[in-house]
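Student: Quick one: structure below, then a few questions.
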Amino acid sequence: MKNKNLQMLGVVFSAVLLAACSSTDVEEGGEVNSGQSLSGFDGSVSGGSGAAGAQGFEQNEPAAEEEQMADLNSVFYFEFDSSSLTADARADLDAQIDRLRDSVGTIRLEGHADERGTREYNIALGERRAQAVADYMVLNGISRYRIETVSYGEERPLSFGQGESAWSENRRVELK
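Printed below as a string of structure tokens:
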């Protein structure tokens, strides 16, 4: 009887140990998503066919919306180790905000950093940069529910060179 209890305890302990060692699903590439997007919040259904499409729900026209969003793509640059908007970035953002007020789609802000610093620091810096742009947009009338921020840190550089000119191209937030 004592041996069976010890065997059962060993099996339970092994199962718990194996469960604790299991990995979680983490996206490769260092993407951090602060999930502030509520697409479909207005009740519209996008994409796909099936039961929802058969019931007569209105679907967004992806081609027209993608074309409109392609016109809105823009890049905002930052100083070294900073998440403060420059005067040029604010001027560019003001022009984009006027156009974004008329659209209804989700706004994706992708924060980036140059290669200097640790991977973790650059992911956090990219997130702060994207959040700075998001905060500026909210202050100027864009709904927070439409904005999604993502940080890629140093993982997706535009320029692979060394030196200030290459690094300055990578310190950015892309509006998608």
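According to numbering that gives the first Met the number 0, the residues represented by the sequence shown are 0 to 175, in order.
Ideal Cβ positions, reconstructed from N, Cα and C, are used throughout, including at glycine.
Return the CA-CA distance between serine 167 and glycine 152, expressed in angstroms with no decimal places.
Tutor: Within the sequence shown, numbered from 1, the residue matching residue 167 stands at position 168. Within the sequence shown, numbered from 1, the residue matching residue 152 stands at position 153. Roughly 14 Å separates the two Cα atoms.
Student: In the DSSP assignment, find the beta strand (DSSP E) that holds arginine 107 and state where it starts and stops.
Tutor: Stepping through the sequence shown from its first residue, residue 107 is reached at position 108. That run of the beta strand (DSSP E) goes 106-111.
Student: Near glutamine 6, which residues of its chain fall below 8 Å by C-beta distance, leaving aside the five closest residues on each side in sequence?
Tutor: Here the question's residue 6 lines up with position 7 in the sequence shown. Scanning its chain for C-beta atoms nearer than 8 Å, with the 5 sequence neighbours on each side dropped, one finds no residue around glutamine 6.
Student: Please determine, among Val149, Ala88, Gly160, Gly162, the residue with the shortest C-alpha to C-alpha distance to alanine 123.
Tutor: Here the question's residue 123 lines up with position 124 in the sequence shown. Ranking the options by Cα distance to alanine 123, first place goes to Val149.
Student: So, helix, strand or coil for glutamate 173, using DSSP?
Tutor: Here residue 173 refers to the residue found at position 174 of the sequence shown. Residue state, collapsed to three classes: strand.
Student: Quick check on DSSP: helix, strand or coil for glycine 140?
Tutor: Stepping through the sequence shown from its first residue, residue 140 is reached at position 141. DSSP places glycine 140 in coil when its eight states are reduced to three.
Student: Would you kindly report the start and end of the unbroken beta strand (DSSP E) that includes serine 73?
Tutor: Working through the sequence shown from its first residue, we reach residue 73 at position 74. Element bounds for serine 73: 73-76.
Student: Determine the closest residue to proline 156 out of Arg143, Ser142, Glu173, Arg145, with distance taken between C-alpha atoms.
Tutor: Here residue 156 is taken as the residue at index 157 of the sequence shown, counted from 1. Comparing Cα positions, the closest option is Glu173.
Student: Would you say phenylalanine 79 and arginine 128 are within 8 Å of each other, going by their C-beta atoms?
Tutor: Within the sequence shown, residue 79 is the residue found at index 80, counting from 1. Within the sequence shown, residue 128 is the residue found at index 129, counting from 1. The answer is no: Cβ separation not under 8 Å.
Student: Tell me the DSSP bridge mates of glycine 152?
Tutor: As a position in the sequence shown, residue 152 is number 153, starting the count at 1. Paired residues: His111.
Student: Leaving out the 5 sequence neighbours to the left and right, which residues in its chain are closer than 6 Å to alanine 133 when beta-carbon positions are compared?
Tutor: In the sequence shown, the residue the question calls residue 133 occupies position 134. Same-chain partners within the cutoff: Leu108, Ile146, Thr148.
Student: Between alanine 112 and asparagine 121, which are expected to be in contact by the criterion C-beta below 8 Å, what is the C-beta distance as a whole number of angstroms?
Tutor: Here residue 112 refers to the residue found at position 113 of the sequence shown. Here residue 121 refers to the residue found at position 122 of the sequence shown. About 4 Å separates the two Cβ atoms, so the contact holds.
Student: Can you have a look at glycine 125 and say buried or exposed, based on whether 16 or more other CB atoms are within 10 angstroms of its CB?
Tutor: Against the sequence shown, residue 125 aligns to sequence position 126. Glycine 125 should be labelled buried.
Student: Determine which residues share a DSSP beta bridge with isoleucine 146 and list them.
Tutor: Stepping through the sequence shown from its first residue, residue 146 is reached at position 147. According to DSSP, which records beta bridges pairwise, isoleucine 146 is partnered with Ile106.
Student: For serine 81, I'd like the list of residues in its chain whose CB is within less than 7 Å of its CB, leaving aside the five on either flank, ordered along the chain.
Tutor: For the purposes of this step, residue 81 is taken as residue 82 along the sequence shown, with counting starting at 1. Around serine 81: no qualifying Cβ.
Student: In terms of residue numbering, what span does the alpha helix (DSSP H) encompassing glutamine 95 cover?
Tutor: Here residue 95 corresponds to residue number 96 of the sequence shown, with the count starting at 1. Per DSSP, the unbroken alpha helix (DSSP H) holding glutamine 95 starts and ends at 86-99.
Student: Check glycine 49 in the structure and name its three-state DSSP category.
Tutor: Stepping through the sequence shown from its first residue, residue 49 is reached at position 50. Its pLDDT being 40, under 50, glycine 49 is placed unreliably in this model, and the value from its coordinates should be taken loosely. It is coil, neither helix nor strand.
Student: Using three-state DSSP, classify glycine 125 as helix, strand or coil.
Tutor: Counting from one through the sequence shown, the residue named residue 125 turns up at place 126. It is helical.
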